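Below: one structure, written as structure tokens.
There are 2 protein chains.
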Amino acid sequence: MTKTVPTGILYGLGIGPGDPGLVTVKAHSILTRVPVIAYPATLEGESMARKIVAPHLDDAANLERIEIAIPIPMVEERDPGREAYDAAAQEIAPHLNAGRDVAVLCLGDPFLYGSFMYLFTRLADTAQIEIVPGVSSLTAAAAAARLPLVGRNDSLAVIPAPLDDGEIIARINAHDSVAIIKLGRHLPRIRKLIESLGLEGEARYIERATMEGERAIALSAVGDDAATYFSMILLHRRGEATP
Amino acid sequence: MTKTVPTGILYGLGIGPGDPGLVTVKAHSILTRVPVIAYPATLEGESMARKIVAPHLDDAANLERIEIAIPIPMVEERDPGREAYDAAAQEIAPHLNAGRDVAVLCLGDPFLYGSFMYLFTRLADTAQIEIVPGVSSLTAAAAAARLPLVGRNDSLAVIPAPLDDGEIIARINAHDSVAIIKLGRHLPRIRKLIESLGLEGEARYIERATMEGERAIALSAVGDDAATYFSMILLHRRGEATP
Chain A
0 MTKTVPTGIL
10 YGLGIGPGDP
20 GLVTVKAHSI
30 LTRVPVIAYP
40 ATLEGESMAR
50 KIVAPHLDDA
60 ANLERIEIAI
70 PIPMVEERDP
80 GREAYDAAAQ
90 EIAPHLNAGR
100 DVAVLCLGDP
110 FLYGSFMYLF
120 TRLADTAQIE
130 IVPGVSSLTA
140 AAAAARLPLV
150 GRNDSLAVIP
160 APLDDGEIIA
170 RINAHDSVAI
180 IKLGRHLPRI
190 RKLIESLGLE
200 GEARYIERAT
210 MEGERAIALS
220 AVGDDAATYF
230 SMILLHRRGE
240 ATP
Chain B
0 MTKTVPTGIL
10 YGLGIGPGDP
20 GLVTVKAHSI
30 LTRVPVIAYP
40 ATLEGESMAR
50 KIVAPHLDDA
60 ANLERIEIAI
70 PIPMVEERDP
80 GREAYDAAAQ
90 EIAPHLNAGR
100 DVAVLCLGDP
110 FLYGSFMYLF
120 TRLADTAQIE
130 IVPGVSSLTA
140 AAAAARLPLV
150 GRNDSLAVIP
160 APLDDGEIIA
170 RINAHDSVAI
180 IKLGRHLPRI
190 RKLIESLGLE
200 GEARYIERAT
210 MEGERAIALS
220 AVGDDAATYF
230 SMILLHRRGE
240 ATP
């Protein structure tokens, strides 16, 4: 493939769990020089990712910057998300072809339940892509709960709450430490599963780790209506952190 | 407990997987102001953690800084490690009591297989401790392999290689994505296990992610003598990243 103009680099930019201080030095450097940023947003244009990096963008306030909001429908069906990422890929590609670097903001890490992977699969064949890993909400939640997640030869399972009861129970039973993510409306069901295993005393609920309004409490103290998008349950079955 | 002097803060400081750029802005800020840093080292005093943050320490080259190397015996028995952390806790405590903040450098994240948890358990009752999460080698390896780790409702297992064959096979079978860590001398055995499951074609080997000498290749292309301390295998059983 011959190119007359050097193409821009597409950055999958991990920006961490919420605290702007948990953006990496490398991500900060990229944010203060790229001419195009893109980020997931609500249909109304609100973007948590954009908010997290705002102080860093201000460090290069004079930079002329194009911003692309990617409106993601918050529904469980696949098709609306597919269309949003198709459209975003089409909006980003011309910037790359014109030699402009584009940073796509990703909450947490781009490849750990990050939406960037949907752009990655769409653009990997034609664009030069660099993944910049970020701090995950998983370890941010453990820090908020003051709960060492895994040590020594403990194994860890990360389990999305929408899975079936049987799948969740089997995975909990196979591991020492467990993180249950994407709680949302599944919280009451997950709580019952954990109770049925006799593990409620071991479970902690963490919400908005490193963000304003962070809380980390015993699962038993949480109301069934509590779960937000930024929440998870951490659970230790056994395992220990003392050498 | 009455204290006449404000005690120092003990930071469990995640410094990321190896690239100094993957240190967070918050960790950088702490590194350039704390009067005491501590870090794991070999018995000969070599410290990968100290090396990673060296450029950041240079940003405050005029700061008088006390350095505590924690010599960790690289053996599988528990007792030598126990003694090293006992001694380190005893060396750190007087600085905190004298009001000096102490940052303990942790490769990756302090609570995800991080050695900081051993100091945490020893000092949590008497010291004011703040955990600063860091970028994990897990997602750095996925980035190096250009391999989205988990998306949507995929589940993830992180499995230490020293576990028994049966425990490893059960955990691989229960998940969509798998990371096998702490390979060391277990690499030939783990490779055979993966072959016996017919999954060798899905497995990638990543070494020294984000460090000098990084490589990410098919597991089938790796020699049995290859595994270093900074290596892991990533494996996708099913799951997919396209919405």
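Chains A and B, in that order, give the protein sequences.
Under numbering that gives the first Met the number 0, think of the first position of the first sequence as 0, with each following residue one higher.
Under numbering that gives the first Met the number 0, think of the first position of the second sequence as 0, with each following residue one higher.
Yeah, the Cβ is synthetic: ideal placement off N, Cα and C, and Gly gets one too.
Because the structure is a prediction, the values reported are computed rather than measured.
Within the same chain, show all residues whose beta-carbon is closer than 6 Å to that of residue i, passing over the 5 residues directly before and after it, in chain order.
i      : result
A160/B : I179, K181, L182, H185, I189
K139/A : Here residue 139/A is Ala; the residue named in the question, Lys, does not match the sequence. Cβ within range, chain order: P16, A208, T209.
H174/A : S154, A156
I67/B  : A37, E90
A87/A  : I69
E129/B : I8, Y10
L126/B : It should be noted that the sequence gives Ala, not Leu, for residue 126/B. These residues qualify, in order along the chain: L9, L95.
Could you check whether residue j and residue i sit closer than 8 Å to each other, using their CB atoms as the reference points?
i      : j      : result
Y10/A  : V134/A : no
D18/A  : K25/B  : yes
D100/A : G7/A   : yes
L234/B : I171/B : yes
A102/A : L30/A  : yes
S230/A : E213/A : no
F110/B : L111/A : no
I65/A  : A83/A  : no
P204/A : I216/A : With the sequence shown as reference, residue 204/A is identified as Tyr, and Pro is not the correct amino acid for it. Yes, the pair counts as a contact, with Cβ atoms nearer than the cut-off.
S136/B : G107/B : yes
R32/B  : A60/B  : no
T41/A  : T23/B  : no
G98/B  : P5/B   : yes
Run through the DSSP bridge pairs and tell me what residue i is partnered with.
i      : result
M231/A : I205/A
T23/B  : T23/A
I65/B  : V35/B
V131/B : L12/B
V149/A : L111/B
A156/A : V177/A, A156/B
I243/A : Chain A is shown only over 0 to 242; residue 243/A falls outside these bounds and no answer can be derived.
A40/B  : P70/B
Who are the near neighbours of residue i in its chain, counting only those whose CB is closer than 8 Å to its CB and skipping five residues on each side?
i      : result
E199/B : R190, I193, L218, S219
P187/B : D223
S176/B : L148, V149, D153, S154, L155, A156, L233, L234, H235, R236, G238
D85/A  : R121
A142/B : A208, T209
D164/B : R188, L192
What do you reckon, is the C-beta of residue i under 7 Å from a heavy atom of the ligand NAP?
i      : result
R121/B : Looking at this structure, you won't find the ligand NAP or any other ligand, since it has none at all.
Within the same chain, show all residues whose beta-carbon is closer than 7 Å to that of residue i, passing over the 5 residues directly before and after it, in chain order.
i      : result
N144/A : Note that residue 144/A corresponds to Ala in the displayed sequence, not to Asn. R203, I205, A215, L233.
L146/B : R203, L233
P54/A  : P19
F115/A : G11, V103, C105, P109
Start-end ranges of the alpha helix (DSSP H) lying completely within the stretch 173–214 of chain B, minimum 4 residues = If only complete runs of 4 or more residues are kept, the stretch 173–214 of chain B shows the alpha helix (DSSP H) at 186–195, in order along the chain.
| message | Under 8 Å: do the stretch 28–36 of chain A and the stretch 144–160 of chain A share three or more Cβ pairs, one atom per stretch? | response | With contact defined as three or more Cβ pairs closer than 8 Å, the stretch 28–36 of chain A and the stretch 144–160 of chain A are not in contact.
| said: Within 8 Å, do at least three Cβ pairs link the stretch 84–100 of chain B to the stretch 106–122 of chain A? | reply: no
ask   = Taking contact to mean at least 3 C-beta pairs separated by less than 8 Å, is the stretch 38–57 of chain B in contact with the stretch 41–55 of chain A?
value = Of all C-beta pairs linking the stretch 38–57 of chain B to the stretch 41–55 of chain A, fewer than three are shorter than 8 Å, placing the two stretches out of contact.
### Task
Identify every run of the beta strand (DSSP E) within the stretch 99–124 of chain B, keeping only runs that are complete inside it and at least 3 residues long; order them along the chain.
101–105
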